[in-house]
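Chains A and B, in that order, give the protein sequences. Residue numbering for the first sequence follows the numbering used here, beginning at 1 and increasing consecutively. Residue numbering for the second sequence follows the numbering used here, beginning at 154 and increasing consecutively. In what follows, a single structure is set out as structure tokens and then discussed.
Protein chains: 2
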Amino acid sequence: MNNIDTIIEHAEQNCKSHGSRLTTKRKQVLSLLVQTSKALSAYDLIDLFVKENGEKIPAMSVYRILDFLEAEHLVHKLKLANKYIACSHITCKHDHGVPQFLICSVCNVVKEITVNKSTINELNQSVEKAGFKLVSPQLEINCICNDCLATAA
Amino acid sequence: MNNIDTIIEHAEQNCKSHGSRLTTKRKQVLSLLVQTSKALSAYDLIDLFVKENGEKIPAMSVYRILDFLEAEHLVHKLKLANKYIACSHITCKHDHGVPQFLICSVCNVVKEITVNKSTINELNQSVEKAGFKLVSPQLEINCICNDCLATAA
DNA sequence: TAGCGAGATGTTACAACATATCATTTATGT
DNA sequence: ACATAAATGATATGTTGTAACATCTCGCTA
Chain A
1 MNNIDTIIEH AEQNCKSHGS RLTTKRKQVL SLLVQTSKAL SAYDLIDLFV KENGEKIPAM
61 SVYRILDFLE AEHLVHKLKL ANKYIACSHI TCKHDHGVPQ FLICSVCNVV KEITVNKSTI
121 NELNQSVEKA GFKLVSPQLE INCICNDCLA TAA
Chain B
154 MNNIDTIIEH AEQNCKSHGS RLTTKRKQVL SLLVQTSKAL SAYDLIDLFV KENGEKIPAM
214 SVYRILDFLE AEHLVHKLKL ANKYIACSHI TCKHDHGVPQ FLICSVCNVV KEITVNKSTI
274 NELNQSVEKA GFKLVSPQLE INCICNDCLA TAA
């Protein structure tokens, strides 16, 4: 039993505990995301799915499964990149601060960083004052990574 | 000469001053964005363009014009919503702090708020430490507005 | 002022991301 | 075992954005 199986197992128990089902297909898709630990598009997942499982999966199913996994807080959709990643909470029990996603707008690489909690709290206060609510304390931040910056110059 | 004409005129001078041309089509598109002061998708602009000017415009042209206007810092692309807005700097000469965009993920309404400069600086430091660079100090923040929150409940 | 060249626009086709709709299959409780 | 609800399949289509190549227009220079 390797680490990924443990994670999937854990996710399944989580689902079961409140009456939802982590079916085979859903496990397969989640597993792909957990294994790569990178952000993947729905169509990346379709391709990977065939490679890993020797079986096709319709786009519709992948989107439905991703919706389900999002609702279960097992994956996170990065709207800036139209990509999906396994939620870091699956593998990590304790918060070490508030994770934020840095997304390189050139090469689409995604990096998760930790930001001072007080900084996020300040931001949150400004947001609430404006009559909005943060969807998630995990911001998607549009950046350029140093590699791309160097290449462009 | 109304306010919008003044803005367009000003933008045109700006372009001229460094050798780029704010052509008729570009003015028409910019004008649509300045008038509505809301975030519009490229295809919203195509529809509006026909209504306002009684003349069709191809998607390709709109995208090219938006790229141009972005490069001129006359419009800003909201990647979270795949929409475009007139840059607030067109109408406002002085910075009143650092503007941030709050985007309601349900109804897509966009609100520009001001956040404490020190908060942004702290965030920026975390980003740089991770080897990334903010594309713009203007973050796009994925939120839910109170109206949608109330409706959902 | 004719015509050259760069930049702007038109046209067509298509790629990538996502959803609507309705049919079929599978799982679960009684 | 059967009724029901949930999950998945299949097909079509919507939305956002780009590639590639043709044509036009403006401003410069000979």
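The beta carbon of each residue, even a glycine, is placed where N, CA and C say it ideally should be.
Between K264 of chain B and L255 of chain B a beta carbon distance of about 5 Å is seen, short of the 8 Å cut, so the two are scored as contacting. Counting along the chain, H163 of chain B sits inside the alpha helix (DSSP H) bounded by residues N156 to S170. As far as DSSP is concerned, E275 of chain B takes part in no beta bridge. For A71 of chain A, there is no enclosing beta strand (DSSP E); the enclosing alpha helix (DSSP H) covers residues A59 to A71. Straight through space, the alpha carbons of H171 of chain B and A212 of chain B are spaced by roughly 27 Å. Of all residues in the stretch 166–179 of chain B, none comes within less than 7 Å of chain A when Cβ atoms are compared. Taking a 10 Å sphere around the C-beta of Q253 of chain B, we find 16 or more other C-beta atoms and assign the residue as buried. Going by C-alpha positions, Q138 of chain A is about 10 Å away from T114 of chain A.
In the DSSP annotation of this structure, the continuous segment of the beta strand (DSSP E) that includes L255 of chain B starts and ends at V251 to C257. Counted as a single uninterrupted DSSP element, the alpha helix (DSSP H) harbouring A42 of chain A occupies residues A42 to N53.
Looking at the backbone, the Cα of I210 of chain B and that of Q166 of chain B are separated by about 25 Å.
Closest by C-alpha distance to L222 of chain B, out of B:K178, B:N295 and B:F285, is B:K178. Between the alpha carbons of T176 of chain B and K133 of chain A lies a distance of about 40 Å. In the structure shown, the three-state DSSP call for K56 of chain A is coil.
For E293 of chain B, the CB contacts under 7 Å within the same chain, skipping 5 residues up- and downstream, are L231, K232, L233, F254 and I256 in chain order. From the beta-carbon of N142 of chain A, the residues of chain B found nearer than 8 Å are K232, L287, V288, S289, L292 and E293. Going by DSSP, V187 of chain B is part of the alpha helix (DSSP H) stretching over T177 to T189. Excluding residues up to 5 positions away in sequence, V251 and P290 lie with their Cβ nearer than 7 Å to the Cβ of I273 of chain B in the same chain. Take the alpha-carbon of T151 of chain A and the one of D47 of chain A: they are about 29 Å apart. For L231 of chain B, the enclosing beta strand (DSSP E) stretches over residues V228 to L231.
By the Cβ-count criterion, H229 of chain B is buried, with 16 or more other Cβ atoms from all chains shown falling within 10 Å of its own Cβ. DSSP places A86 of chain A inside the beta strand (DSSP E), whose first and last residues are K83 to A86.
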